[in-house]
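Asker: Chains as they are written, first to last, in the numbering used here: chain A, 1 to 295; chain B, 1 to 207.
Positions of the beta carbon are idealized from the N, C-alpha and C atoms, including for glycine.
#1: Which residue from B:175, B:200 and B:161 puts its Cα closest to that of residue 108 (chain B)?
#2: Just the C-alpha distance for residue 168 (chain A) and residue 264 (chain A), rounded to the nearest angstrom, thanks.
#3: Short of 8 Å in beta carbon distance, which residues of its chain neighbour residue 74 (chain A), apart from the five on each side in sequence? Order them along the chain.
#4: For residue 192 (chain A), which residues of its own chain have a beta-carbon under 8 Å away from its beta-carbon, when the five flanking residues on both sides are left out?
#5: Just to confirm my understanding: we take residue 96 (chain B), look at its own chain, exclude 5 residues before and 5 after, and list those with CB closer than 7 Å. What are they?
#6: Residues in the same chain with beta-carbon distance under 8 Å from residue 138 (chain B), minus the five sequence neighbours each way, listed in chain order, please.
#7: Thinking just about the alpha-carbon of each residue, which of A:12, A:262 and A:129 is nearest to the one in residue 251 (chain A)?
#8: Please state the DSSP three-state secondary structure of residue 56 (chain A).
#9: Starting from residue 94 (chain A), follow its DSSP beta bridges and name the residues at the other end.
#10: From the beta carbon of residue 27 (chain B), is the nearest beta carbon of chain A less than 9 Å away?
#11: Output needed in chain order: residues of the segment 265–277 of chain A with a Cβ under 8 Å from some Cβ in chain B.
#12: With a threshold of 16 other CB atoms inside 10 Å of the CB of residue 122 (chain A), please say whether the residue is buried or exposed.
#13: Count the other CB atoms, across all protein chains shown, that sit within 10 Å of the CB of residue 79 (chain B); report buried if there are 16 or more and exposed otherwise.
#14: Of all the CB atoms in chain A, is at least one closer than 9 Å to the CB of residue 62 (chain B)?
#15: Evaluate residue 85 (chain A) with the Cβ neighbour count: other Cβ atoms within 10 Å of its Cβ, from every protein chain shown; 16 or more gives buried, anything less gives exposed.
#16: Please go through the same chain and pick out, in chain order, the residues whose beta-carbon is closer than 7 Å to the beta-carbon of residue 149 (chain B), but skip the five residues on each side of it.
#17: Please state whether DSSP places residue 34 (chain A) in a helix, a strand or coil.
#18: Determine, for residue 237 (chain A), whether the minimum Cβ-Cβ distance to residues of chain B falls below 9 Å.
#19: Measure from the alpha carbon of residue 155 (chain B) to the alpha carbon of each residue in B:127, B:6 and B:178, then state which is nearest.
#20: Relative to the alpha-carbon of residue 165 (chain B), which residue among B:143, B:121, B:204 and B:39 has its alpha-carbon at the smallest distance?
#21: Using a threshold of 9 Å, state whether the C-beta atoms of residue 65 (chain B) and residue 123 (chain B) are closer than that.
#22: Following the continuous beta strand (DSSP E) through residue 124 (chain A), name the residue where it begins and the one where it ends.
#23: According to DSSP, is residue 68 (chain B) helix, strand or coil?
#24: Could you confirm whether any beta carbon from chain A is found closer than 9 Å to the beta carbon of residue 202 (chain B)?
#25: Short of 6 Å in beta carbon distance, which residues of its chain neighbour residue 125 (chain B), apart from the five on each side in sequence? Order them along the chain.
#26: Quick check on DSSP: helix, strand or coil for residue 279 (chain A)?
#27: Step through the CB atoms of chain B and report whether any lies within less than 9 Å of the CB of residue 98 (chain A).
#28: For residue 129 (chain A), which option in A:115, A:142 and A:120 has the closest C-alpha, if you only look at C-alpha atoms?
#29: May I have a chain-ordered list of the beta strand (DSSP E) segments no shorter than 3 residues that lie completely inside the segment 188–236 of chain A?
#30: Hey, does residue 57 (chain B) have any beta-carbon neighbour from chain A nearer than 9 Å?
#31: So that I know if they touch, is there some Cβ in chain B lying closer than 9 Å to that of residue 293 (chain A)?
#32: Determine the closest residue to residue 106 (chain A) out of A:197, A:120, A:81 and A:138, with distance taken between C-alpha atoms.
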């Protein structure tokens, strides 16, 4: 068995249950966008703990740096300048894997055990089983996984599953100087968010709320947003994300139906042969031709 | 060499070679593709040296198949034009399957079923090539909506095509004396007269 906190609940491309007798506490990271100052300490801590160094990019005129998530940048700050009620608001969102309860990446992945979901809710890639097909990117409703150009394996935030397994909080949480990042059981995080939302509402953010989208069964990375009614303000955070119906069709009903149909054709052919016998050239025809030849 | 000088030449050597290239590619593509489609088939990836190799090779084999299929399409396109006699044959295909083919309409080099299969395969190949290209992540990174659409089309079309080819192969096994046409190109006169009488007449000048 794996370390208790890392019991596996679900495994990609596996049709039988994972060991599930033991229950573990669901964990969650809470990102309080309203107290984030955009210092990028979380990005630096992520690089440091996970020992990944992205290539130094170029300045594109905005604070976003690196410009996008990559195989070496598992979390990036996204800065949006938005005008609200005649005032400029600088909305800063730490982007990365949301650790969905119903992960589209895991559903789409064809390689057994390349993507797992631990009983505590963390969705993790096991790159040694990854075949590099990119189906996880096709399946993800948040556009998070990235295929490395070096080794053609998919990478993303692990929620520091290695730290969580031994009772530590993820590296980004440890580095956050304002308390915008919190980590604990999912229930604790919801309770904490509730307090924050009450506070924000008192301060005039009447639409403040928690982002825990139910379309993907809830997430294990949640946001406190000042404008929870318009998550797309935060660099196009999807309003109502879910696994695309096309992915659900492709990796859902189509799989068993097509398999059964093909098996049906194979067996029908076999039994057709056994019941009707081979279609041979008739004896009369053969005789006719023989007569022709003789004459 | 198993040859009766009176046998009829059905396929030339280049035609046979072309068909075999397409056929071998198809088998490799079906085995590797199924591995990504359903976990039950994932062990098939071992035939290619593991999942990663299967993922790398599948699209390149697809390119070879697409090119050879285009060549085959131009070879056989004219011979597969549907005629009223073919539609008549298709409407009575039940009798054929039932094993009673004596009253079936007289057929040329290809019967209605073979022609229908030909055109169905042409449609499948076109869909597979387009959807295969848009999902080829080693070379392209298209918008995710396009890739999702491509993935569904690719999987569904591939399942249909595997089914069609199973029927194609079974028909060749069921109708005795057929497979040799793809091995060494000839069929017996009796075979031609029974299954493709119009073609037999055309080839021999006899009734």
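Answerer: On the basis of the supplied data:
#1: Locating residue 108 (chain B) in the second chain gives position 108, counting from the first residue. Closest by alpha carbon: B:200.
#2: The residue you call residue 168 (chain A) lines up with position 168 of the first chain. The residue you call residue 264 (chain A) lines up with position 264 of the first chain. Going from the Cα of residue 168 (chain A) to the Cα of residue 264 (chain A) covers about 52 Å.
#3: For this step, residue 74 (chain A) is matched to residue 74 along the first chain. Taken in chain order, the residues that qualify are 46, 50, 52, 96, 97, 155, 156, 157 and 158.
#4: Position 192 of the first chain, counting from 1, holds the residue named residue 192 (chain A). The answer, listed in chain order, is 30, 182 and 184.
#5: For the purposes of this step, residue 96 (chain B) is identified with residue 96 of the second chain, where counting begins at 1. Result list for residue 96 (chain B): 104, in chain order.
#6: Locating residue 138 (chain B) in the second chain gives position 138, counting from the first residue. Counting only Cβ-Cβ distances below 8 Å, and skipping sequence neighbours, we find 56 and 59.
#7: Taking the first chain and counting its residues from 1, the one referred to as residue 251 (chain A) is at position 251. Nearest C-alpha to residue 251 (chain A): A:12.
#8: Residue mapping note: residue 56 (chain A) aligns to position 56 of the first chain, counting from 1. Residue state, collapsed to three classes: coil.
#9: Residue numbering aside, residue 94 (chain A) sits at position 94 when the first chain is read from its first letter. DSSP, once it has assigned bridges, lists A:77 as partnering residue 94 (chain A).
#10: For the purposes of this step, residue 27 (chain B) is taken as residue 27 along the second chain, with counting starting at 1. No, residue 27 (chain B) does not count as interfacial toward chain A.
#11: 265, 266, 269, 272, 273, 276 and 277
#12: Looking up residue 122 (chain A) in the first chain gives position 122. Residue 122 (chain A) is buried by the Cβ-count criterion.
#13: The residue given as residue 79 (chain B) occupies position 79 in the second chain. It is exposed - the Cβ of residue 79 (chain B) has fewer than 16 other Cβ atoms within 10 Å.
#14: Residue mapping note: residue 62 (chain B) aligns to position 62 of the second chain, counting from 1. Closer than 9 Å: no.
#15: Residue numbering aside, residue 85 (chain A) sits at position 85 when the first chain is read from its first letter. That one is exposed.
#16: In the second chain, the residue the question calls residue 149 (chain B) occupies position 149. Once the five neighbours on either side are set aside, residue 149 (chain B) has no close Cβ partner at all.
#17: Translated into the one-based positions of the first chain, residue 34 (chain A) becomes position 34. Three-state DSSP puts residue 34 (chain A) in a helix.
#18: The count along the first chain starts at 1 and reaches residue 237 (chain A) at position 237. Taking Cβ atoms only, chain B never reaches closer than 9 Å to residue 237 (chain A), which makes this a no.
#19: Here the question's residue 155 (chain B) lines up with position 155 in the second chain. When only C-alpha atoms are compared, the closest one is B:127.
#20: Against the second chain, residue 165 (chain B) aligns to sequence position 165. Selected option, being the one with the closest Cα: B:121.
#21: Position 65 of the second chain, counted from the start, is the residue given in the question as residue 65 (chain B). Position 123 of the second chain, counted from the start, is the residue given in the question as residue 123 (chain B). Contact flag unset, no.
#22: As a position in the first chain, residue 124 (chain A) is number 124, starting the count at 1. First-last of the beta strand (DSSP E) with residue 124 (chain A): 123–125.
#23: Here residue 68 (chain B) refers to the residue found at position 68 when the second chain is read from its first residue. Helix at residue 68 (chain B).
#24: Your numbering for residue 202 (chain B) matches position 202 in the second chain. No, its Cβ sits nowhere closer than 9 Å to a Cβ of chain A.
#25: Here residue 125 (chain B) corresponds to residue number 125 of the second chain, with the count starting at 1. Correct list, in chain order: 69.
#26: For this step, residue 279 (chain A) is matched to residue 279 along the first chain. Residue 279 (chain A) falls in the strand class under three-state DSSP.
#27: Position 98 of the first chain holds residue 98 (chain A). So no, residue 98 (chain A) is outside the interface.
#28: By 1-based counting over the first chain, the position of residue 129 (chain A) is 129. The shortest Cα separation from residue 129 (chain A) among A:115, A:142 and A:120 belongs to A:115.
#29: 209–211 and 221–225
#30: The count along the second chain starts at 1 and reaches residue 57 (chain B) at position 57. So, not an interface residue.
#31: To locate residue 293 (chain A), count along the first chain from 1; it is residue 293. Yes, because at least one Cβ of chain B sits closer than 9 Å to the Cβ of residue 293 (chain A).
#32: In the first chain, counting from the first residue as 1, residue 106 (chain A) sits at position 106. Out of A:197, A:120, A:81 and A:138, A:138 has the C-alpha closest to the C-alpha of residue 106 (chain A).
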